[in-house]
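928 is the number of the first residue of the sequence shown in my numbering; add one for each residue after it.
First comes the structure, then the notes that go with it.
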Amino acid sequence: MSDSTLGSTEEKKLHDLSKKIVEIKKKIQLSEGQRKANFEETETKKHENAEKIISLKKDIKELYVEYSKVKNNDDAAERTAQISRETSAVIRKRGLDEAIKKINEENIRLRKMKDLLRYQSDKQRQKLEILLQEHEKLLRENKRKIFKRKLEDPLKKKRECLEVQLERMRMLIIKANIVRRKYKSVYCKLKQRSVSYASSLKELEDDIKEHENEMKRLRIVKEEAIELRYNMQEKLVKQEIEIVNNSNEQESIIQDYRQRVKERKAELERLERMIFPARPREDYDSVSTMIYGQDAKNEITKKELTRLEEAFAKLRNVTGVSMSEDILNRFLGQQTTKENLQKMRTNMEDEKMDLDRKRQELLSEIETRKFTETKNAEE
């Protein structure tokens, strides 16, 4: 939940920041368009004003020339001199009336010219004043534009700095989006892998628990088998000791019987020598020894059989088996069960080692994954 809330807040912040950046871009574009329009307008006005200034300068020069000519009146003096010469010539040629008429006409013409020149001079003066006013106005406008440009230069620099910062922010936002997408993809993959690893770890733990329970059960069975083996060994040792003791007793009995037989034989021989001194007794001696030996052997075998039967009966009571073949098979099967238990123990130990190794590998892989996740998150 915390990761989702953090992701939603970061997305909202990025969305708001992108909106602000878009608005600032629009404002910058509008200001840039307005600036371009103003620049083009000022350039056209500047060009027109420059042309006007050039034409006005030309007009001023011409007016100054005309004004100087009118003021000096050099041409008028020349014309009056020429007229006086012409009038004198006319007077000499045509007479006085025609000369007066000619002078009056010339006077009227000169007055008209004077009025025309005065009108033109007044008109040119007015035009000059208008041009001077426009010139002053253009100078003031030019100074104002220069001042405005000087004021706009820091604003332009500031705007350029803001544009650069906005471009950097845009690149950072793009990089942040790329990193966020990569982080999300890696996070989803690691989450899926963590789920699969968790399930596999759970399965392995369950298998390990089952193997441990099986090992405990087999250990208990082994301990019971070892205890049973020790008990059986003790019983067998006791039986062997009893058998050895019985065999020693039997040997002593046999020796006793042999000694008795020898004593009886010697007694019989003595009696025979006393009763029948000359008669040979070889056949009788051999027969008697055979008879007594067979009797002793039969007694010994009967005692041995009874003792062995009692020992087997005890073994049957201890093991709970009625047949002697079952007892023999059980004692023979102890070796095979021991070998099977040893094999099972080695197999279980090998499986346990493999599972521990796999568990260590999975834990190391999970640790490396966590380390890579933290490293990517820090980056």
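Even for Gly, the Cβ is constructed at its ideal location relative to N, Cα and C.
What ranges does the alpha helix (DSSP H) occupy inside the stretch 1080 to 1153, keeping only unbroken runs of at least 4 residues that lie completely in it?
none
Would you kindly work out how many angstroms separate the C-alpha atoms of H942 and R1086, rounded to a whole number?
Position 15 of the sequence shown, counting from 1, holds the residue named residue 942. Position 159 of the sequence shown, counting from 1, holds the residue named residue 1086. Approximately 23 Å, taken between the alpha carbons.
For L1145 versus L1268, is the C-beta distance shorter than 9 Å?
The count along the sequence shown starts at 1 and reaches residue 1145 at position 218. The count along the sequence shown starts at 1 and reaches residue 1268 at position 341. Their beta carbons are under 9 Å apart, which means L1145 touches L1268 by this criterion.
Simplified DSSP assignment, three categories, for S1213
Position 286 of the sequence shown, counted from the start, is the residue given in the question as residue 1213. Residue placement at S1213 cannot be trusted, given a pLDDT of 46 that sits under 50; what the coordinates show is reported in the next sentence. Of the three classes helix, strand and coil, the one that applies to S1213 here is helix, per DSSP.
Alpha carbon to alpha carbon, what distance is there between R1296 and L1117?
Position 190 of the sequence shown, counted from the first residue, corresponds to residue 1117. Position 369 of the sequence shown, counted from the first residue, corresponds to residue 1296. Between L1117 and R1296, the C-alpha separation is close to 8 Å.
Contact the stretch 1125 to 1138 vs the stretch 977 to 990: 3+ CB pairs below 8 Å:
no
Examine the Cβ distances between the stretch 1083 to 1098 and the stretch 1269 to 1278 and report whether three or more of them are shorter than 8 Å.
no
Using 8 Å for Cβ pairs, my map puts K1285 next to L1099. What's the rounded Cβ distance?
By one-based count along the sequence shown, residue 1285 stands at place 358. By one-based count along the sequence shown, residue 1099 stands at place 172. Going by Cβ atoms, the distance from K1285 to L1099 rounds to 44 Å, so no, they are not a contact pair.
Tell me, to the nearest whole angstrom, how far the beta carbon of L1065 is from that of N976; I am working on the premise that it is less than 8 Å.
Taking the first residue of the sequence shown as 1, we reach residue 1065 at position 138. Taking the first residue of the sequence shown as 1, we reach residue 976 at position 49. So it is a contact: roughly 5 Å between Cβ atoms.
If you draw a straight line from the alpha carbon of T936 to that of R1272, how long is it in whole angstroms?
Taking the sequence shown and counting its residues from 1, one reaches residue 936 at position 9. Taking the sequence shown and counting its residues from 1, one reaches residue 1272 at position 345. Straight-line Cα distance between these residues: approximately 58 Å.
Does the beta-carbon of Q1053 have 16 or more other beta-carbons within 10 angstroms, so that it is buried, or is it exposed?
The residue labelled residue 1053 in the question sits at position 126 within the sequence shown. That one is exposed.
Where Y1110 and K947 are concerned, what is the direct C-alpha to C-alpha distance, given to the nearest angstrom?
Looking up residue 1110 in the sequence shown gives position 183. Looking up residue 947 in the sequence shown gives position 20. Their backbone Cα atoms lie some 25 Å apart in a straight line.
Just checking my contact of E1061 with I955 at CB under 8 Å: how many whole Å lie between their CB atoms?
Translated into positions along the sequence shown, residue 1061 becomes position 134. Translated into positions along the sequence shown, residue 955 becomes position 28. Contact doesn't hold; Cβ gap of about 37 Å is too wide.
Contact set for E1141: own chain, Cβ-Cβ below 8 Å, skip 5 residues either direction:
As a working note, residue 1141 is residue 214 in the sequence shown. The residues are M1275.
Just the C-alpha distance for K953 and R1067, rounded to the nearest angstrom, thanks.
Locating residue 953 in the sequence shown gives position 26, where the first residue counts as 1. Locating residue 1067 in the sequence shown gives position 140, where the first residue counts as 1. Their Cα atoms are separated by approximately 34 Å.
With a threshold of 16 other CB atoms inside 10 Å of the CB of L1058, please say whether the residue is buried or exposed.
Against the sequence shown, residue 1058 aligns to sequence position 131. With 16 or more Cβ atoms within 10 Å of its Cβ, L1058 is classed as buried.
Evaluate E938 with the Cβ neighbour count: other Cβ atoms within 10 Å of its Cβ, from every protein chain shown; 16 or more gives buried, anything less gives exposed.
For the purposes of this step, residue 938 is taken as the residue at position 11 of the sequence shown. Looking at its Cβ environment, which holds fewer than 16 other Cβ atoms inside 10 Å, E938 is exposed.
Alpha carbon to alpha carbon, how far is R1108 from L1289?
Indexing the sequence shown from 1 puts residue 1108 at position 181. Indexing the sequence shown from 1 puts residue 1289 at position 362. If you take the alpha carbons of R1108 and L1289, they lie about 27 Å apart.
Work out the CA separation of Q1186 and P1207 for me, nearest whole Å.
In the sequence shown, residue 1207 corresponds to position 280, counting from 1. In the sequence shown, residue 1186 corresponds to position 259, counting from 1. Residue placement at P1207 is flagged as unreliable, the pLDDT there being 43, under the threshold of 50; the coordinate-derived value follows with that caveat. Using only the alpha carbons, I get a separation of about 24 Å.
Answer yes or no: do E993 and S1048 have a C-beta to C-beta separation smaller than 9 Å?
As a first step, residue 993 must be located in the sequence shown, where it is residue number 66. As a first step, residue 1048 must be located in the sequence shown, where it is residue number 121. Yes, Cβ-Cβ distance for E993 and S1048 is below 9 Å.
Which whole-angstrom value is the C-beta distance of T969 and K1070, which I expect to be below 8 Å?
For the purposes of this step, residue 969 is identified with residue 42 of the sequence shown, where counting begins at 1. For the purposes of this step, residue 1070 is identified with residue 143 of the sequence shown, where counting begins at 1. Incorrect: roughly 13 Å between the Cβ atoms, too far for contact.
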